[in-house]
Structures are given as structure tokens and as C-alpha cells.
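Below is one structure, written out as C-alpha cells, with a few remarks after it.
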Amino acid sequence: MKIVFAISEVEELVKTGGLADVGKALPLALHSEGEDVAIVMPYYKSIADTFHLDTICDTQTLFTEGKVYHFDVRALAWHGITVYFVDYPEYFMRDGLYSNAYDAYEDNGERFSFFSGAVLQTLQALSFTPDVIHCHDWHTAMLPYLLNHERSGFFEQTKTVFTIHNAAFQGVHSLEKIPFLRHHPHIFSQVHGGYINMLQTGIECASKVTTVSPNYADELLTDLGSHGLHERLVKRKADLSGILNGCDYSQWNPATDAYLPENYSVDNLQPKRVCKTTLQTRSGLPENASVPLIGMVCRLTEQKGFGYILPILDDLVQHNLQIVIVGTGDPKVCMDLGEFAQQHPTQFAFINGFSSEHAHLVEAGADFFLMPSQFEPCGLNQMYSLAYGTVPIVRAVGGLKDTVVDLDTGHGATGFVFDEPTPRALLACIRRALLFYYEWPTQFKDMQERGMKTRFTWEAAAKDYLRLYLAMFQA
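Okay, so the sequence shown: first residue is 1 according to UniProt numbering, each after it adds one.
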């Protein structure tokens, strides 16, 4: 099949979050299955500064009422597939992808509506007629709408798949600020109160809608878990499916991880103790291989569960434990964590920042990894933690529920899971994990080893997506 990924970021080329991980891993997994895969993405400043790519066709032109867009198409041969770049400097030659520091660009709706149209124009310029265009999140959500109103017939047989990576980010923009769409003859069917909800448009117009875990798909069909899109998603229920993201075990493997002071495997966990003492030292905590160490690496946002964590920190440090939290984000959360670290320097460390080395060291050196998310469409850190023998403590939401098996299930346990969205429920879950660590060390090691043998592969995800793609043509 000819499959095109229309996406706003791809890991190794440019990245702000987990979307980029999918943007790299899934196309490569489909390519490994023998499919004809290409990627189309914006030609950002950081990419231009790194690769200095040549144009591959004549300058392209898009017209709207009142504005003309001239853009170039550039290409990169990358891991056996071709990445095409839409080069429109006015919109993409900026320091940030979506924002300047913490402030989103005011013209994001215009930028990515144009990009969606430019993807279709690029494919026509290259005479590349795809079977499937796979769109991702609100940044490319207008593409299925534009394709449905394409008049040339070039895409007559093309189907679209729209994947929701996080339904909390919906791309709601005023039509007045989107010249590319403002005079489209059918656009007012998508306008409510002068605004377009791009995620909603993608849900309505794509051939199929997917999200990144089966449980998150179920949550999106509920009023509580849908982020306000419940009615739209229920209408598309027959076309909605959840396909679990995979994990890139070539980057996350404790046996080969170059960031670790010593490597280890499921057959030899002893060097994990060296990783633990190294993490303690680098985090400013006393070295103690026997004290349970809880780690956390994430964006410091309400979504990640800090509304549950902050109220119980005083209770947690009454126990014999250590905690390391690494991340950046909400200034108020940063301040609260920094102050608590100063008050409890032997038990609590906060690293305000991010580095790959520290992230890998936390995964390897901690005994437990904390993810008490309000919602978590898929989550990757719990998969990394399982691979590193670091037992996850998670809330039963989204992909966390799909990937971590609680001790109380009676068999095959790989971690500790709680349901109720309260600080007390989190505290009880952590205490249950600490008790297990102290009183059942042999069973705790068994749990670590089960996690390390668990695999969530992109090969499996690619096969699921291929079945979905093929089913659209067999209906």
C-alpha cells in the first residue's frame, strides 16, 4: 500500500513530545512490513539549519480569496523512506514549532490549515497518489475535510485515518484568523460561534478515527473522558478504534543503554544497584541501595497528577524512602517541588530541567516509577520502566490501564494501580507498593523480571494499523 503520514513532528528530526515518537516509529515499522511509506511535515527552522535540503520540484502555489501562498517542497532520504518537507518560511521558519516559549503562536490555526492543504498539493505535484493518508492530532485535522472537498479527482480512491494522540488539545481557532479557510465554500459547516474545533473536524471527516490505546478509545466515548467531544465520537463509534503505541526498545534497553554507568538485563539485575547509587549521587541524595527510590520524569502539568502528588508529600516523607522528580513545566509546580526539596534534602530531589541522560538514569536507578495521571492516552514511560525493571505505580487510565497489571489481579502482576482520582488513593497505592518492597523482596524481584519480559512492539502496532487500512478498502 501507498501510505502517507501527514504529521507535525518526527523524532530524530524535530520533537516536542510523544507525537514525534509515533511519527518516527510507526512509519518505519510499516516500511519494515514492506509498505510504500512517505512522510510529509513542515520544513522548520531547526530542520533547515541542520539539513540544508534541495527543492525537488517547481515552486507550488495555493490560492485562497485574498491570499496567494508560494511554497517549495524539499526531500530527505531517511531510514529507507522519503520525508517531504513543506517549505513556507513565513509560517515555519521560527524558533519554536507551536509556540514562542510558553505562548502559542496566534496564527497556529492558519499555519496548520495551510500545511494540511499544502500536503495535498505536494502529493499532486509529485504524482504520488496514496491509498491512505494518516493524519495526526489537530495540526493535520483539517486535511480530511479538505480532501473530502477536493475537486480534481486525484484523491478519488484515497482514504484518511485520523489519530487522536491527546484529545485535550483540540486546535480551537477563530475563523477570522485563518485566511486559508475563511472563504472556503463549505467551511461554515465546521464553524460554531465563529470558531473551528479542528480536532472535531478531523473526527467528523476522516474515513477512520483511531487513538493510541484501547482503553483511551473507551474513555473517549464517555462524557467524562472525552474532553467535550463525547457526542461527536459516539456518532463515529463504529469507525473508532484504539491501537496501543509501541515502545522503541532499541533506545530503551538496559542491556545496551549508553547513558547507564553499568548495563544490566533480566538475567543479571545486580548492576541496577550501581545505577541506583549513581542516580542518588547525581540527584544530591545520600547513597543507600536498600532504601526504596521512587522516580518520575514528565512535564510538570496538572494532567500528570501533581494535584494528587503535592498534597501527600508530607505524608510520603514520613516513610523510609527517597523520591526524585525530573521535569519542567508549570512554574507554580516547579516552585512547590523546589521548596520541598530544600526542606527535605535527604529524601526528596527535584531537577528542574530535562536531559536524556537523567531520564534514562531515573528509569534504571529507581525502584518505582510514578505516573498518577489525570488522563494518559497511552503513555511511554511506564513501558520504559517495565523494560528497566522499575515497577510502575500508575492510575488506571488510558494506556496505563492497558499496560500495567496490578498486584491484586492475582497473577502476572507488573506494577501497582489505583483508580480513584484523589491524593489519598495515590498515597494508599504507594504505601501498598512500599510494603511489598520491604516485606516480599523475592516476589518484588519476580515482579521486576515479569515487567522486563513484557513487550509492546511497534511491529504489533503496525500490523494492527495495516489491518485497519485494508479493511477500509474491503468494506
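Ideal Cβ positions, reconstructed from N, Cα and C, are used throughout, including at glycine.
- Bridge pairing for V132: I3, K159 [DSSP].
- For a cut-off of 8 Å, the C-beta gap from A289 to K276 is around 6 Å, short enough to register as a contact.
- At the C-beta level, G242 and T210 come within 8 Å of one another.
- Closest option to D107, judged by alpha-carbon separation, among L370, Q60, K177: K177.
- Per DSSP, L62 is not a residue of any alpha helix (DSSP H); the beta strand (DSSP E) it occupies stretches across 60-64.
- DSSP places Y437 inside the alpha helix (DSSP H), whose first and last residues are 423-439.
- Rounded to whole angstroms, the Cβ separation of N215 and D408 is 18 Å, and the two are not in contact under 8 Å.
- Excluding five sequence positions before and after K304, the CB atoms of its chain that fall closer than 6 Å to its own CB belong to C298, S373, given in chain order.
- T163 counts as buried, since no fewer than 16 other beta carbons sit within 10 angstroms of its beta carbon.
- Secondary structure at V212: coil, using DSSP grouped into helix, strand and coil.
- Listed in chain order, the beta strand (DSSP E) runs fully inside the stretch 195-245 are 195-197, 208-211, 240-242, counting runs of at least 3 residues.
- Contact annotation, A396 with F418: C-beta distance approximately 7 Å; criterion of less than 8 Å satisfied.
- By the neighbour-count criterion, in which 16 or more other beta carbons inside 10 Å mark a residue as buried, W440 falls on the exposed side.
- Contact annotation, F306 with V333: C-beta distance approximately 5 Å; criterion of less than 8 Å satisfied.
- Beyond the five residues adjoining it in sequence on each side, P261 comes within less than 7 Å, by CB distance, of V274, C275, T278 in the same chain, given in chain order.
- With 16 or more other Cβ atoms inside 10 Å of its own Cβ, G451 counts as buried.
- Annotated three-state conformation of R282 is helix, per DSSP.
- Taking a contact to require three or more Cβ pairs closer than 8 Å, the stretch 40-47 and the stretch 106-123 qualify as touching.
- With respect to the C-alpha of S174, the residue from N166, I187, A167 having the closest C-alpha is I187.
- Only exposed fits F63, as fewer than 16 other CB atoms lie within 10 angstroms of its CB.
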